[in-house]
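Have a look at the structure below before the remarks.
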Amino acid sequence: MSETTPTRPRVATDTAAAAAATLTAPAAAAVAAAATPTAPAAATATARRAVLRRRIRWIVAATISYNVVEAVIAIAAGSVASSTALIGFGLDSIVEVLSAAAVAWQFAGRDPEARERTALRVIAVSFFGLALFVTVDAALTLTGLREPEHSTAGIVLAAVSLAVMPFLSLLERRTGTELGSASAVADSKQTLVCSYLSAAVLVGLLLNTLFGWTWADPVAGLVVVVFAVREGLEAWRGDACKQPVAALTGERETDDCDCC
């Protein structure tokens, strides 16, 4: 008579396996939930982007308004004093208005990302235009064809701009970096170049007034030219340092930004 193999151990084994599978189901569900963005998180990210876009528009509006006033005063004072440096400073303000207007146009649309490439190209051309003018102006001054004149209004204007423009540049750069907008970051660099030019004009006017050093202004301007050309090339290629918008939703980590 053959022995019958007991089935109880197999039942116990199957029960244990089912229990193990049941125990791992909540863990799998937790992992899946963590990997899928929740609706509140997505809504928060969308609201944050809307706030940043509004902030960009306000910053650009302030930059345009200030630069229009700056251009009028600088060109008028430069014409009265026959100061090439001040006239160039006023023309630089017009270039800055063009750059800021490109960003304003971009963020006026429903899909700013779709307009970013065009805005970057406009900003790049603005950089190149600024570099070209300052180079020609510096060459004319260094060769003695033009000579900077004293202007109290120019000194005051350059000093005020040196205080205002870095603040606007920093605010726009931080906002543009968080939003992931290369054009806003590039425009903030354009504003920073305007700050450097303000410092160059201020130093040049002061040295010319105090010591009669007419060469100081064009030499300082040529330093700005190098920076402007570099930033123009980066804007043209779309290499302005920025974080992707996906960083706001936590979808992926981004590299550290080393913007100046």
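Residue numbers for the sequence shown, in the working numbering: 539 to 798.
All C-beta atoms in this analysis are idealised placements derived from N, C-alpha and C, irrespective of residue type, glycine included.
Just so you know, these numbers come straight off a predicted model, no measurement behind them.
Item                                                                                                                  : Value
Residue span of the alpha helix (DSSP H) that contains R653, given as start and end                                   : 650 to 680
Neighbourhood of V606 by C-beta distance below 8 Å, restricted to the same chain and skipping five residues each side : S631, V635
Neighbourhood of A811 by C-beta, 6 Å cutoff - its chain only, sequence neighbours within 5 removed                    : Outside the displayed range of the chain (539 to 798) lies residue 811, so it cannot be described from this structure.
Where the alpha helix (DSSP H) containing S689 begins and where it ends                                               : No alpha helix (DSSP H) holds S689; DSSP gives it neither H nor E.
Residue range of the unbroken alpha helix (DSSP H) whose run includes G647                                            : Taken as a continuous stretch (DSSP letters only), G647 belongs to no alpha helix (DSSP H), as it is neither H nor E.
DSSP-derived helix/strand/coil call for W596                                                                          : helix
Secondary structure of T787, DSSP reduced to three states                                                             : Residue placement at T787 cannot be trusted, given a pLDDT of 30 that sits under 50; what the coordinates show is reported in the next sentence. Three-state DSSP puts T787 in a helix.
Meets three-Cβ-pair contact criterion under 8 Å: the segment 761 to 769 and the segment 657 to 672                    : yes
Own chain partners of P756 with C-beta closer than 6 Å, once the 5 adjacent residues on each side are dropped         : A676, T679, L680
Short Cβ contact (8 Å threshold) for G750 with A623                                                                   : no
Given T747 as reference, the closest of A639, S617, T690 once Cα atoms are compared                                   : T690
Alpha-carbon spacing of G682 relative to W753, whole angstroms                                                        : 9 Å
Distance between L709 and H688 (C-alpha atoms, nearest Å)                                                             : 33 Å
Whole-Å CB distance - S726 paired with P704, under 8 Å assumed                                                        : Their Cβ separation, rounded to whole angstroms, is 10 Å, which puts S726 and P704 out of contact at 8 Å.
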